[in-house]
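Heads up: the protein sequence lines correspond to chains A and B, in order. Sequential numbering from 173 applies to the first sequence in this note's numbering. Sequential numbering from 4 applies to the second sequence in this note's numbering. Beneath this line is the structure, given in structure tokens, with notes to follow.
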Amino acid sequence: MARFSRPPTPPLPAALQAPPPRPGDGDGRIKPADQAKEAGISVVDWLDERTSLSGVARWAMFRKVPKGTNWFYTLGSATMFAFLSQAVTGVFLAMFYRPDPSGGAYESIRHVTNEVFLGQFVRGMHKWGSSVMVILVFLHMGRTFFFGAYKYPRELNWVIGVVLLILTMTMSFTGYLLPFDQRAYWATIVGVNINGTGPLLGPYLSDFLRGGPEFGATTLSRFYAIHMLLLPGALAALIGAHLYLVAKLGTTAPPWLKAEESPELRKAEA
Amino acid sequence: MSDKHGQHKSRYTADRLIPGAFDGETVTRRRFMTGTTNAAGAIAASAFVLPALGFAIGPIFKEAPHTWESAGPTDMFSDNNYVPVVVTLTPGIGEAGKTTVYVRQRNATIDTDKADRDSLYIAISSRCAHLGCPVRWVDAAERFICPCHGGVYDLLGRRVGGPPVRPLDRFYTRVVGGMVQIGPRYSVNSELERFSPRDPGEPIDGIGQYLYPSRPSARKL
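In structure tokens, the structure reads:
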């Protein structure tokens with residue numbers, strides 16, 4: 173609805189005329205204020221026209237959830253946020269860390285903890301966050317188990333979750349060495365030797381982990397590379413697959429909810 | 004042309020009579036191109052995967068160099084008690100590459116294992132045979148005791164208590180110019196027979212020596 177009328181002008185050829193205003197569009201001119209108002213929408217439109225991502229986003233986010241969905245169902249997202257927190261704090265710790273076994277590693281951690289602004293906080297987030305993540309993984313796993321959410325058709329997601337659990341434990345194991353203090357060193361010695369007690373392949377696996385028959389110059393850099401390059405990539409990829417399956421298969425109702433009887437069925441039985 | 008092979012087509016003639024195939028052609032250009040593309044992809048992928056894998060598992064097959072390190076003059080060591088000596092197992096990584104070795108002279112009255120020129124001095128590794136924590140020699144008890152899980156060994160390094168699965172490892176020794184030198188490590192079974200060095204936690208009595216085979220990276224002399 174036009175709020176004021178324009179002064180009369182000579183008629184323009186049809187090709188030069190502005191397109192007729194859409195209903196409710198004011199006087200039909202696009203003002204900077206309108207453009208600013210719609211900037212977000214037009215950016216999303218621009219992207220969506222080229223990627224069709226909005227359908228994917230709607231498919232992933234606006235899902236139907238069963239009745240009885242409760243706070244236990246947030247443990248998976250909590251685990252994912254713990255992982256994201258580890259990833260972000262890890263990136264910033266890596267800016268200071270030196271995987272140098274002859275004293276540099278310990279010194280760089282000491283530097284981060286004692287001298288870098290907020291270093292103690294970010295390192296603390298990473299150190300304690302790792303335990304939080306492991307605890308959340310187990311709680312999430314327990315929820316899945318006790319709610320029977322691992323059953324058909326979600327078995328593959330259970331398997332992926334178990335692989336994620338193993339990768340998380342490997343993350344903890346490789347990360348434990350990096351501060352390179354006494355506790356880190358001896359815990360890794362013991363951990364690698366436990367690994368070596370596997371028959372037949374164990375001894376070779378230990379050599380692979382250490383990069384030789386004894387704890388050596390490459391052991392720390394190996395653990396560092398596994399910890400910050402190999403495993404995070406694998407974890408992120410598998411979390412993606414895990415989430416895809418959650419969105420595709422949906423979540424389960426808690427086991428204490430009974431399926432609603434359909435009135436037709438009841439009528440048919442009577 | 005009718006297909007004399009009937010309905011049971013061999014996979015080698017699967018392309019017969021598809022559009023664009025020549026008469027009697029068994030491998031079409033389309034199939035040839037598909038195969039070539041797949042092969043090129045496989046070659047390109049293995050060009051970086053195989054070297055990377057070899058690079059990563061290479062250390063398993065590389066023998067660590069033998070080093071002989073001086074422990075001290077011969078008169079430093081008696082035949083009835085151990086002297087702790089710190090030697091460097093892995094050079095270049097500072098304290099992390101060092102370990103304590105307990106050394107004494109061979110004593111014919113207690114050492115019943117094979118006597119040869121490599122064992123004029125007994126050098127016992129402080130690496131616990133359970134999981135590798137550092138054991139210490141407790142003189143009063145005449146025992147090696149591990150702080151982690153309570154492994155206990157006697158004067159000869161044989162297990163007398165706790166979880167270890169075999170005696171403490173030993174090192175070859177030799178005397179050069181009046182100095183005792185510590186050489187490469189070897190493991191012993193409960194009879195103190197020599198074996199290629201095994202990691203802690205790996206028994207070598209009976210079937211253990213086959214379940215936990217020696218590794219190319221560390222052999223006995």
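All residues carry an ideal CB built from backbone N, CA and C; glycine is no exception.
### Task
Sort out for me which residues DSSP pairs Met182 of chain B with in a bridge.
The residue given as residue 182 of chain B occupies position 179 in the second sequence. Bridge partners of Met182 of chain B: B:Pro76, B:Val179.
### Message
With a threshold of 7 Å between beta-carbons, can Gly204 of chain B be considered close to chain A, or not?
### Response
As a position in the second sequence, residue 204 of chain B is number 201, starting the count at 1. Gly204 of chain B counts as touching chain A.
### Short Cβ contact (7 Å threshold) for Ser199 of chain B with Arg222 of chain B
Residue 199 of chain B sits at position 196 when you count from the first residue of the second sequence. Residue 222 of chain B sits at position 219 when you count from the first residue of the second sequence. Yes, they are a contact pair.
### Task
Work out the CA separation of Gln207 of chain A and Met173 of chain A for me, nearest whole Å.
On the first sequence, residue 173 of chain A is found 1 positions in, with the first residue counted as 1. On the first sequence, residue 207 of chain A is found 35 positions in, with the first residue counted as 1. Below a pLDDT of 50, predicted positions are generally treated as unreliable, and Met173 of chain A, at 46, falls in that range; no measurement from the model is reported.
### Query
Relative to the C-alpha of Gly154 of chain B, which residue among B:Pro203, B:Arg32, B:Ile46 is closest?
The sequence position of residue 154 of chain B within the second sequence is 151, counting from 1. Considering only alpha carbons, the answer is B:Pro203.
### Message
Quick check: Arg270 of chain A and Gly276 of chain A, are their CB atoms within less than 7 Å of each other?
### Response
Translated into the one-based positions of the first sequence, residue 270 of chain A becomes position 98. Translated into the one-based positions of the first sequence, residue 276 of chain A becomes position 104. Taking 7 Å as the Cβ cut-off, Arg270 of chain A and Gly276 of chain A qualify as a contacting pair.
### Task
Measure the CB-CB distance between Val104 of chain B and Val90 of chain B and report whether it falls below 7 Å.
Walking along the second sequence from the start, residue 104 of chain B turns up at place 101. Walking along the second sequence from the start, residue 90 of chain B turns up at place 87. Taking 7 Å as the Cβ cut-off, Val104 of chain B and Val90 of chain B qualify as a contacting pair.
### Query
Can you tell me whether Met4 of chain B is buried or exposed, with buried defined as 16 or more other CB within 10 angstroms of its CB?
Numbered from 1 along the second sequence, position 1 holds the residue referred to as residue 4 of chain B. The predicted model places Met4 of chain B with a pLDDT of 47, which falls under 50 and marks its position as unreliable, so this point remains unresolved.
### For Gly333 of chain A and Lys439 of chain A, the rounded distance between their alpha carbons
Locating residue 439 of chain A in the first sequence gives position 267, where the first residue counts as 1. Locating residue 333 of chain A in the first sequence gives position 161, where the first residue counts as 1. Approximately 43 Å between the Cα atoms of the pair.
### Message
Let's see if you can read the secondary structure: which residues bound the alpha helix (DSSP H) around Thr261 of chain A?
### Response
For the purposes of this step, residue 261 of chain A is identified with residue 89 of the first sequence, where counting begins at 1. Note, Thr261 of chain A: alpha helix (DSSP H), 247-266.
### Message
Between the alpha carbons of Gly135 of chain B and Asn365 of chain A, how many angstroms are there, rounded?
### Response
Indexing the second sequence from 1 puts residue 135 of chain B at position 132. Indexing the first sequence from 1 puts residue 365 of chain A at position 193. Whole-angstrom Cα-Cα distance: 7 Å.
### Query
Which runs of the beta strand (DSSP E) fall wholly inside the segment 81-151 of chain B and span at least 3 residues, in chain order?
86-91, 101-108, 124-128, 139-141, 146-148
### Message
Just to make sure I have the definition right: I need the residues of chain A whose C-beta is within less than 8 Å of the C-beta of Pro200 of chain B. Which are they?
### Response
Indexing the second sequence from 1 puts residue 200 of chain B at position 197. Here the neighbours are Pro385.
### Task
Output the boundary residues of the beta strand (DSSP E) element that contains Gly240 of chain A.
By 1-based counting over the first sequence, the position of residue 240 of chain A is 68. Unbroken run through Gly240 of chain A: none, as it is neither H nor E.
### Query
Which residue or residues does DSSP assign as beta-bridge partners of Phe174 of chain B?
As a first step, residue 174 of chain B is located in the second sequence; it is residue number 171 there, counting from the start. For Phe174 of chain B, which the question treats as bridged, DSSP gives the partners B:Ala126, B:Arg188.
#### Entry: At least 3 beta-carbon pairs within less than 8 Å: the segment 410-430 of chain A vs the segment 224-238 of chain A
yes
### Task
Would you mind stating whether Phe264 of chain A and Ile60 of chain B have Cβ atoms separated by less than 7 Å?
On the first sequence, residue 264 of chain A is found 92 positions in, with the first residue counted as 1. On the second sequence, residue 60 of chain B is found 57 positions in, with the first residue counted as 1. It is not a contact, given that the beta carbons lie outside the stated cut-off.
### Residues of the segment 55-67 of chain B with Cβ closer than 8 Å to any Cβ of chain A, in chain order
Ala59, Ile60, Pro62, Ile63, Lys65, Ala67
### Task
Could you spell out where the alpha helix (DSSP H) holding Val216 of chain A opens and where it closes?
For the purposes of this step, residue 216 of chain A is taken as residue 44 along the first sequence, with counting starting at 1. Per DSSP, Val216 of chain A belongs to the alpha helix (DSSP H) from 211-223.
### Task
Could you tell me whether any non-hydrogen atom of the ligand ATP is closer than 6 Å to the CB of Ala250 of chain A?
This structure does not include the ligand ATP; it has no bound ligands of any sort.
### Task
Look at the Cβ atom of Arg107 of chain B, then the Cβ atom of Ile96 of chain B, and state whether they are nearer than 7 Å.
Taking the first residue of the second sequence as position 1, residue 107 of chain B is located at position 104. Taking the first residue of the second sequence as position 1, residue 96 of chain B is located at position 93. Taking 7 Å as the Cβ cut-off, Arg107 of chain B and Ile96 of chain B do not qualify as a contacting pair.
### Query
Just the Cα atoms here: how many angstroms apart are Val52 of chain B and Tyr348 of chain A?
Position 49 of the second sequence holds residue 52 of chain B. Position 176 of the first sequence holds residue 348 of chain A. The C-alpha of Tyr348 of chain A is placed about 28 Å away from the C-alpha of Val52 of chain B.
### Message
Within 8 Å, do at least three Cβ pairs link the segment 324-341 of chain A to the segment 299-311 of chain A?
### Response
yes
### Query
Under a CB-based cut-off of 7 Å, is Ser378 of chain A close to chain B?
Translated into the one-based positions of the first sequence, residue 378 of chain A becomes position 206. So, interface residue.
### Query
Using the beta-carbon count (16 or more within 10 Å), is Ala111 of chain B buried or exposed?
Counting from 1 along the second sequence, the entry for residue 111 of chain B is found at position 108. Ala111 of chain B comes out exposed.
### Query
With distances taken from CA atoms, which of B:Gly75, B:Tyr156, B:Arg32, B:Gly100 is nearest Phe126 of chain A?
Any answer about residue 126 of chain A is impossible in this case: the structure gives chain A only from 173 up to 442.
### Message
With a threshold of 7 Å between beta carbons, is Pro271 of chain A in contact with chain C?
### Response
Among the protein chains in the structure shown, which are A and B, there is no chain C.
### Task
Show which residues of chain B have a CB atom less than 7 Å away from the CB atom of Gly275 of chain A.
To locate residue 275 of chain A, count along the first sequence from 1; it is residue 103. Those are Gly97, listed as they occur along chain B.
### Query
In or out: Ala321 of chain A buried (at least 16 other Cβ within 10 Å) or exposed?
Stepping through the first sequence from its first residue, residue 321 of chain A is reached at position 149. With 16 or more other Cβ atoms inside 10 Å of its own Cβ, Ala321 of chain A counts as buried.
### Message
For Pro185 of chain A, count the other beta carbons within 10 Å of its own beta carbon; 16 or more makes it buried, fewer makes it exposed. Which is it?
### Response
Here residue 185 of chain A refers to the residue found at position 13 when the first sequence is read from its first residue. It is exposed - the Cβ of Pro185 of chain A has fewer than 16 other Cβ atoms within 10 Å.
### Query
From the beta carbon of Tyr175 of chain B, is the nearest beta carbon of chain A less than 7 Å away?
Walking along the second sequence from the start, residue 175 of chain B turns up at place 172. So, not an interface residue.
### Query
How would you list, in chain order, the residues of chain B whose beta-carbon sits under 9 Å from the beta-carbon of Leu372 of chain A?
On the first sequence, position 200 is the one that residue 372 of chain A refers to. Those within 9 Å of Leu372 of chain A in chain B are Tyr213, Leu214, Tyr215, Pro216.
### Task
State the beta-bridge partners of Val288 of chain A as determined by DSSP.
Counted from its first residue, the first sequence places residue 288 of chain A at position 116. Paired residues: none, contrary to the question.
### Query
Rounded to a whole number of angstroms, what is the C-alpha to C-alpha distance between Thr251 of chain A and Leu407 of chain A?
Locating residue 251 of chain A in the first sequence gives position 79, counting from the first residue. Locating residue 407 of chain A in the first sequence gives position 235, counting from the first residue. One C-alpha to the other measures close to 12 Å.
### Task
Throw me the rounded Cβ distance for the Arg169 of chain B and Asp157 of chain B pair, which I believe falls under 8 Å.
Numbered from 1 along the second sequence, position 166 holds the residue referred to as residue 169 of chain B. Numbered from 1 along the second sequence, position 154 holds the residue referred to as residue 157 of chain B. 13 Å between Cβ atoms; not a contact.
### Task
Label Thr37 of chain B either buried or exposed according to how many other C-beta atoms from any shown protein chain fall within 10 Å of its C-beta, with 16 as the threshold for buried.
Taking the second sequence and counting its residues from 1, the one referred to as residue 37 of chain B is at position 34. With fewer than 16 neighbouring CB atoms inside 10 Å of its own CB, Thr37 of chain B falls in the exposed class.
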